[in-house]
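*Asks:* A single structure is presented below for examination.
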Amino acid sequence: MKKVLIGYFSRTGKTEKMAEYLAEGVRFSGNDVEIKKISEIKTEKDLQGFDGYLFGCPTYHKDMTENFKTFLFLAQRAKLEGKLGGAFGPHTHSGEAPKIIFDTMEFVYKMKMTNLGALVLKESEVDTT
């Protein structure tokens, strides 16, 4: 059994909902999962002890949020090389944040990345209450 960390930032609840859906899939595959807001991850030690990582952030103005950029610098110090990774994030138009996160994990951290593909949900399908 593998252990997966899902780290995310959510301003409106949509990224959090996506993280919960992904966690269901991880559990369904017989693995353990821990979901954390990036604000709960204070040091690189908080990122240790996992076999895989899914990082998520929404796209705002064709970019990820500033706090997520700061989180990625912290994650870089965690030495995640060779670990399995994936990226996700909601968007209405451009969707750059997941791609930037994916590329950072693949090319900077040297992680083994898995393209999660697109999950298309209509606004009414994501209940953020």
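With our numbering applied, the sequence shown covers 102 to 230.
All residues carry an ideal CB built from backbone N, CA and C; glycine is no exception.
These numbers were taken from a predicted model, which means no experiment stands behind them.
Restricting to Cα atoms, I'd like to know which of Asn168, Leu185, Asn132 is closest to Ser111.
*Replies:* As a position in the sequence shown, residue 111 is number 10, starting the count at 1. The option with the nearest alpha carbon to Ser111 is Asn168.
*Asks:* With respect to the beta strand (DSSP E) encompassing Tyr210, which residues constitute its N-terminal and C-terminal limits?
*Replies:* On the sequence shown, position 109 is the one that residue 210 refers to. That residue, Tyr210, is in no beta strand (DSSP E); it is neither H nor E in DSSP.
*Asks:* Compare the Cα-Cα distances from Lys137 to each of His162, Met119, Pro199 and report the closest residue.
*Replies:* If you number the sequence shown from 1, residue 137 lands on position 36. Comparing Cα-Cα distances from Lys137 to each of His162, Met119, Pro199, the minimum goes to Met119.
*Asks:* List the endpoints of the continuous alpha helix (DSSP H) containing Tyr122.
*Replies:* Here residue 122 refers to the residue found at position 21 of the sequence shown. Where Tyr122 is concerned, the enclosing alpha helix (DSSP H) stretches over 115-129.
*Asks:* Mark Met102 as exposed unless 16 or more other C-beta atoms lie within 10 angstroms of its C-beta, in which case mark it buried.
*Replies:* As a position in the sequence shown, residue 102 is number 1, starting the count at 1. Its Cβ having fewer than 16 others within 10 Å, Met102 is exposed.
*Asks:* Let's see if you can read the secondary structure: which residues bound the alpha helix (DSSP H) around Glu167?
*Replies:* Along the sequence shown, one-based indexing puts residue 167 at 66. Segment 167-177, the alpha helix (DSSP H) holding Glu167.
*Asks:* Which partner residues does Ile107 have in the DSSP bridge list?
*Replies:* What you label residue 107 is simply residue 6 of the sequence shown in a count that begins at 1. Per DSSP, Ile136, Leu155.
*Asks:* In the structure shown, what three-state DSSP assignment does Leu148 receive?
*Replies:* Position 47 of the sequence shown, counting from 1, holds the residue named residue 148. Three-state DSSP puts Leu148 in a helix.
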